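Chains as they are written, first to last, in the numbering used here: chain A, 2 to 211; chain B, 36 to 355. Even glycine gets a Cβ: it sits at the ideal position worked out from N, Cα and C. Since this is a predicted model, take the numbers as computed values, not measurements. The structure appears right after this line, and notes come after that.
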């Protein structure tokens, strides 16, 4: 296939639609399990906090209060990690629909199929999403470990429960802001793909069919 | 293959449809700025944790906790406003793509249609229930609501988030001089800022519904303009659940705001501690519902795009 390189977008030329790439195929399959996990984790986190509030109100065991102070956020932020991942996967799913769909339309028209190469902001979207997920999951694991340590009576665990909770809260916030930034980058990729498609569609009538 | 343009449709591109995006860049800039602000708040929160570990002054820890909370929540809200700006850019691009399809399709489709026309009425497409009509479909009620509500929601979000941040600074300054007032103000900060977060996510949800509306009306506009049977995907289940989750999440955020207003009037430290223990997760639960709704809205967009691709390919290959 001979084709003229273009200066405005980095594209791949082919005879047929390339279909979704690997992250986009993963996105198609993983958004729903992630959403299901989130919808289970949020109520669990809330229920644990209500139990903790009851223990505080009754002047109950400080050890249980401190441990639940870690288990509650662990459940809640497992939910946030999952729901943000579901959003990122859904964005990847949309990008896949554009990539496969744009190719299918060009292929059906008999013209050379031009597919946008993965944009730098799309790569940054994937990288930041992975980083944010690791930070949030790491914080969730740390909450669970500390909570179990408090219940087991690990020396110093109860004394440091509050400071470690504040530290982990700060870390969780970094995870959330990185997720939001990655989602912004993913959506910006969609806007750029739409711009490419609008331009490419206008080129098709003037090109000779294969 | 034909190059005839016998079917006349409006092919004028809307202004700025293919130009580089200022809204997109503004959105990315806001998100990056918000990340920087969150990093500053992170340093403050880390200092608070160290103070607690070293047995530092309780007033100092509370002061740090209040302003870092205010700044972080403002940063989260700012990032969401940036995302909203990018969604506006996407909607503009969708309109540009509709114009391009209207321009290109008459040149790409065969002059003589192959096969019978689809009968008018409901049918099952490969992507779910769809309907065939002779005119472009009218917007759904949620689409009309989204057109009216996205801007007020985002404006209220900005006001609540920024107002809450100012109040957080005031409360932080009052910790040493008037601790009772600071406790009350802190409750207002949390309620107000998370109400703002809820409004921001609701604004984003309405913008997603607006994009869905544009996809639906654009698809109808193209097909009707070409004199074809208008095939439209019916509202998928994911879209219906999206609306329910968005409304439920927004209601939870309003409830938590009212509850924090009640806490702001409390004086008993135990009562305040008990209420704060479950109110924090409640406000997060509300945001979780809104975010879950956003997932479903995005998935609905993907499904609508798949349907549209199949329809465009059908028009190009069969001419109807």
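Asked, Found
"State the DSSP-derived secondary structure class of residue 150 (chain B), mapped to helix, strand or coil.", "coil"
"Considering just the uninterrupted stretch of the beta strand (DSSP E) at residue 159 (chain B), what are its terminal residues?", "156-160"
"Roughly how many angstroms lie between the CA atoms of residue 161 (chain A) and residue 83 (chain B), to the nearest whole one?", "13 Å"
"Just checking: is the beta-carbon of residue 41 (chain B) within a distance shorter than 8 Å of some beta-carbon in chain A?", "The pLDDT assigned to residue 41 (chain B) is 42, lower than 50, so where the model puts this residue is not dependable, and the model offers no usable value."
"Using the Cβ count rule (16 or more neighbours within 10 Å means buried), how would you classify residue 2 (chain A)?", "Here residue 2 (chain A) scores only 49 on pLDDT, less than 50, and its place in the model should not be relied on; the value that follows carries that caveat. By the neighbour-count rule (16 or more Cβ atoms within 10 Å), residue 2 (chain A) is not buried but exposed."
"Report yes if the CB atom of residue 335 (chain B) is closer than 8 Å to the CB atom of residue 210 (chain B), and no otherwise.", "no"
"Under 8 Å: do the stretch 67-75 of chain B and the stretch 181-196 of chain B share three or more Cβ pairs, one atom per stretch?", "no"
"Would you report the Cα separation of residue 114 (chain A) and residue 192 (chain B), rounded to the nearest angstrom?", "43 Å"
"Taking buried to mean at least 16 other C-beta atoms within 10 Å of its own C-beta, is residue 194 (chain B) buried or exposed?", "exposed"
"Give a yes or no on whether the minimum CB-CB distance between residue 202 (chain A) and chain B is below 8 Å.", "yes"
"Using a Cβ-Cβ cut-off of less than 7 Å, give me the residues of the stretch 164-176 of chain A that come near chain B, in sequence order.", "164, 167, 168, 170, 171, 174 and 175"
"Hey, does residue 212 (chain A) have any beta-carbon neighbour from chain B nearer than 8 Å?", "No information on residue 212 (chain A) is available, as it lies outside the stretch 2 to 211 that chain A covers here."
"When the Cα of residue 350 (chain B) is compared with those of B:105, B:92 and B:153, which residue comes out closest?", "B:153"
"Let me check understanding here. Comparing Cα to Cα, which of B:189, B:180 and B:218 lies closest to residue 231 (chain B)?", "B:189"
"What residues of chain A sit near residue 248 (chain B), judged by a beta carbon separation below 9 Å?", "Correct list: empty, because the minimum Cβ distance to chain A is about 16 Å."
"Taking residue 199 (chain A) and residue 131 (chain B) to be in contact with their CB atoms under 8 Å, please state how far apart those CB atoms are, rounded to whole angstroms.", "4 Å"
"Counting only the same chain and skipping the five closest in sequence on each side, list residues whose C-beta sits under 8 Å from that of residue 340 (chain B).", "250"
"So residue 142 (chain B) contacts chain A; which residues on that side make the cut at Cβ distance below 8 Å?", "205 and 206"
"Strictly below 8 Å CB to CB, what residues from chain A border residue 92 (chain B)?", "Chain A residues near residue 92 (chain B): none, gap ~14 Å exceeds 8 Å."
"Which stretch, first to last residue, makes up the beta strand (DSSP E) that contains residue 163 (chain A)?", "Premise fails: residue 163 (chain A) lies in the alpha helix (DSSP H), 162-204, not in any beta strand (DSSP E)."
"Would you say residue 54 (chain A) reaches chain B, if we count a Cβ-Cβ gap shorter than 8 Å as a contact?", "yes"
"Less than 8 Å between the CB atoms is what I'm expecting for residue 79 (chain A) and residue 42 (chain A), so what's the real figure, rounded?", "5 Å"
"From residue 316 (chain B) to residue 220 (chain B), what distance separates their C-alpha atoms?", "19 Å"
"Run through chain B and tell me which residues come within less than 9 Å of residue 39 (chain A), C-beta to C-beta.", "323, 326, 327 and 330"
"From which residue to which residue does the alpha helix (DSSP H) around residue 121 (chain A) run?", "121-153"
"Measuring straight from C-alpha to C-alpha, what distance separates residue 137 (chain B) and residue 56 (chain B)?", "22 Å"
"Does chain B have any CB closer than 8 Å to the CB of residue 94 (chain A)?", "yes"
"Expressed to the nearest angstrom, what Euclidean distance is found between the alpha-carbon atoms of residue 307 (chain B) and residue 166 (chain B)?", "55 Å"
"If we define contact as Cβ-Cβ less than 8 Å, is residue 252 (chain B) a contact residue for chain A?", "no"
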